[in-house]
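As structure tokens, the structure follows; a few thoughts come after it.
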Amino acid sequence: MLDEQAKKTMLRKIPHGLYICGVKDGDEVNGFTASWVMQGSFTPPLVVNCVKNDSTSHAMIKSSGVFALSVLEAGQKDLAQKFFKPLRRAGNKFEDVDFYLGKETGCPIISDTLGYVECRVIGSVEHGDHTVFVGEVVGAGVHREGEALLLESTGWNYGG
Numbered sequence: 002m003l004d005e006q007a008k009k010t011m012l013r014k015i016p017h018g019l020y021i022c023g024v025k026d027g028d029e030v031n032g033f034t035a036s037w038v039m040q041g042s043f044t045p046p047l048v049v050n051c052v053k054n055d056s057t058s059h060a061m062i063k064s065s066g067v068f069a070l071s072v073l074e075a076g077q078k079d080l081a082q083k084f085f086k087p088l089r090r091a092g093n094k095f096e097d098v099d100f101y102l103g104k105e106t107g108c109p110i111i112s113d114t115l116g117y118v119e120c121r122v123i124g125s126v127e128h129g130d131h132t133v134f135v136g137e138v139v140g141a142g143v144h145r146e147g148e149a150l151l152l153e154s155t156g157w158n159y160g161g
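The numbering used here puts the first residue of the sequence shown at 2, with every later residue one more than the last.
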């Protein structure tokens with residue numbers, strides 16, 4: 002029998018960075034704080050991004066087939082918090098955030114971050130409450146050097 006508390010405790014020990022995932026569908030853009038992200042391959046360069054099935058952003062990624070990940074710097078907890086709120090409750094999350102549209106995907110990229118990768122979806126797995134999107138990295142840039150923001154440093158829990 003599965004020990005629910007042990008499962009939750011151990012799954013929360015898996016380290017996660019925090020990113021702002023920028024998405025688009027036509028002229029509409031959105032973004033959300035992503036933490037279930039990892040590199041999946043060197044050749045071709047692949048990124049795995051797990052997205053909640055019932056979110057607006059999930060529908061936008063499925064429709065457009067693209068996303069961008071802006072890598073947050075340690076100390077950018079407030080920016081991560083801003084993008085946790087659902088679009089239907091928060092409205093335009095980009096209204097006071099400096100961003101630009103990526104050259105390869107047209108997805109929003111946050112200017113005040115360590116950098117970004119732009120991805121074109123090449124596969125997905127839809128099981129459970131999140132979809133695993135596999136994206137090939139088609140663009141990347143470095144804004145500055147620094148340490149990445151980690152979920153564990155925020156005191157938040159997502160997962161388990």
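Yeah, the Cβ is synthetic: ideal placement off N, Cα and C, and Gly gets one too.
None of the values given here were measured: they were computed from a predicted structure.
query: If we ignore side chains and look at the alpha-carbon of each, how far apart do PHE68 and TYR20 end up?
result: If I take the Cα positions, the gap works out to 12 Å.
Beta-carbon proximity check, HIS144 vs ASN54, cutoff 9 Å: Between HIS144 and ASN54, the gap from beta carbon to beta carbon reaches 9 Å or more.
task: Please list, in chain order, all residues of the same chain as MET61 whose beta carbon is under 8 Å from its beta carbon, the five residues on each side excluded.
output: Same-chain partners within the cutoff: VAL24, LYS25, ASP26, GLU29, ASN31.
- prompt: Are there 16 or more other CB atoms within 10 angstroms of the CB of ALA91, so buried, or fewer, so exposed?
  reply: Bear in mind that the predicted position of ALA91 carries a pLDDT of just 49, short of 50, making it unreliable; the figure below should be weighed with that in mind. Exposed, by the Cβ-count rule.
task: Please go through the same chain and pick out, in chain order, the residues whose beta-carbon is closer than 6 Å to the beta-carbon of PRO46, but skip the five residues on each side of it.
output: Taking PRO46 as the centre and dropping the five residues before and after it, the same chain places the C-beta of VAL138 closer than 6 Å to its C-beta, in chain order.
query: Measuring CA to CA, which of ALA81, SER65, GLN77 is closest to GLY147?
result: Among ALA81, SER65, GLN77, the Cα nearest to that of GLY147 is on GLN77.
query: Which residue from LEU152, PHE134, GLY18 puts its Cα closest to that of GLY41?
result: Per the Cα distances, PHE134.
message: If you follow the alpha helix (DSSP H) that HIS59 is in, where does it begin and where does it stop?
response: HIS59 -> alpha helix (DSSP H) spans 57 to 65.
task: Within 10 angstroms of the Cβ of GLY156, are there 16 or more other Cβ atoms? Answer buried if so, exposed if not.
output: Looking at its Cβ environment, which holds fewer than 16 other Cβ atoms inside 10 Å, GLY156 is exposed.
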